[in-house]
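Read the structure below first, then the notes.
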Ligand SMILES: NC(=O)c1ccc[n+]([C@@H]2O[C@H](COP(=O)([O-])OP(=O)(O)OC[C@H]3O[C@@H](n4cnc5c(N)ncnc54)[C@H](OP(=O)(O)O)[C@@H]3O)[C@@H](O)[C@H]2O)c1
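In this note's numbering, the protein residues as written are 143 to 473.
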């Protein structure tokens, strides 16, 4: 599917972009991978990291707020992965219009540029925070998701479709709980802060996120939201796994934070199918006859929802300890 194809990643110098690039170069033989982002230094660093693949890599400086630049970059591109985003919750709260310009206007620009060129597939990255959003970051990603679903209406007879991949905090990613605990432990701390003793999270690795994007690229017919079926853990079990016997102090939930990560709401359940390793939320409205569900799955029962709190698969302290060995902490 990816052999001999030209793939462009907006936000390609970010954690997802780098992992995706590494994975694709190791498992496929793409014609070209184009990294599209703003900061030349991050591109310079990535260029050095991927030196051995120089002949396949291209680096475009550009902003997703700039539609003309996107159009130029999309010339000759088969697949676009849209990963560029402002994603820090406090930064989005404090600079709301900047979040809107990048996460919403940028998404529309990506859609327009893809429709105006010969792009075949667009997969946009979403987050659990877009589900019943309680902060502006989630709000902008919800709008972005809606734009990508609706973009299929403009496909007409063109061979192009738009789909979404949704996942939660990646284990070890910047600002997430694992690096926070790791830092306290490194500095000799014996007590770990827990926002709420009831708090739960999903466990997903960047590789699992990358694999789901490749699945969406391969299988999407347009408008689907792909969601991984992954285990949950209690944050108190994570603390115990990282610092056995530690003291834990409940510090209270922070603004914009949820007790449990939600991936599929009860309202979504009417359009949700369950597969071996993932869920697909199908669009409520379809715009062309290519948008047919993959019938190998089972429709979830009415009233179903999928959150880290009501998951059926849980990690024990021992499981977490094993998984922690595989986590790359983002600085
Ligand atoms: N990390 C997670 O735990 C997580 C969880 C769920 C969903 N997601 C989603 O996954 C996607 C990728 O996340 P990530 O963790 O890889 O983010 P990241 O590490 O912060 O990278 C963001 C990338 O976007 C680029 N970017 C930011 N603003 C841009 C703009 N206006 N135009 C062009 N490029 C821009 C950045 O480079 P420059 O600054 O140089 O432009 C960088 O390459 C995001 O859409 C995020 O919402 C992430």
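Even glycine gets a Cβ: it sits at the ideal position worked out from N, Cα and C.
query	result
Verify the contact flag: residue 207, CB atom, against every heavy atom of ligand 1, threshold strictly below 8 Å.	yes
What is the DSSP secondary structure of residue 402, counted as helix, strand or coil?	coil
Tell me which same chain residues have a C-beta within less than 7 Å of the C-beta of residue 402, skipping the five on either side of it?	342, 449, 450 and 451
If you draw a straight line from the C-alpha of residue 287 to the C-alpha of residue 293, how long is it?	10 Å
Among all the DSSP beta bridges, which residues are the ones paired with residue 150?	176 and 222
Which same chain residues end up closer than 8 Å to residue 207 when comparing Cβ atoms and leaving out the 5 residues on each side of it in sequence?	243, 244, 247, 248 and 251
Who are residue 102's beta bridge partners in DSSP?	The chain is shown from 143 up to 473; residue 102 falls before or after that span and cannot be answered.
In chain order, what residues of the same chain lie with their CB nearer than 7 Å to the CB of residue 339, ignoring the 5 residues before and after it?	378 and 392
From residue 421 to residue 218, what distance separates their C-alpha atoms?	32 Å
Just checking, does the segment 429-447 make contact with the segment 412-420 on the three C-beta pairs under 8 Å criterion?	yes
For residue 318 and residue 311, which I take to be in contact (beta-carbon distance under 8 Å), what is that distance rounded to the nearest angstrom?	5 Å
Measure the beta-carbon distance from residue 266 to residue 159 and round it to whole angstroms, keeping in mind my assumption that it falls under 8 Å.	Going by Cβ atoms, the distance from residue 266 to residue 159 rounds to 13 Å, so no, they are not a contact pair.
Going by C-alpha to C-alpha distance, which of 361, 469, 315 and 204 sits closest to residue 437?	361
Which residue from 204, 221 and 277 puts its Cα closest to that of residue 236?	277
Cβ-heavy atom distance between residue 309 and ligand 1 below 8 Å?	yes
In this structure, does DSSP put residue 131 in helix, strand or coil?	Nothing about residue 131 can be read from this structure; the chain reaches only from 143 to 473.
Measuring only from the beta carbon, is residue 157 closer than 8 Å to any heavy atom that is part of ligand 1?	yes
Below 8 Å, is the gap between the Cβ of residue 221 and the nearest heavy atom of ligand 1?	no
Check whether the Cβ of residue 228 sits closer than 8 Å to any heavy atom of ligand 1, and report yes or no.	yes
Would you report the Cα separation of residue 469 and residue 299, rounded to the nearest angstrom?	44 Å
Does DSSP classify residue 474 as helix, strand or coil?	Because the chain spans 143 through 473 in this model, residue 474 falls outside it and cannot be assessed.
Could you say which of 168, 456, 164 and 199 lies nearest to residue 371 if we only look at CA atoms?	456
Specify the secondary structure class of residue 450 as computed by DSSP and reduced to three states.	coil
Give the DSSP bridge partners of residue 456, in chain order.	374
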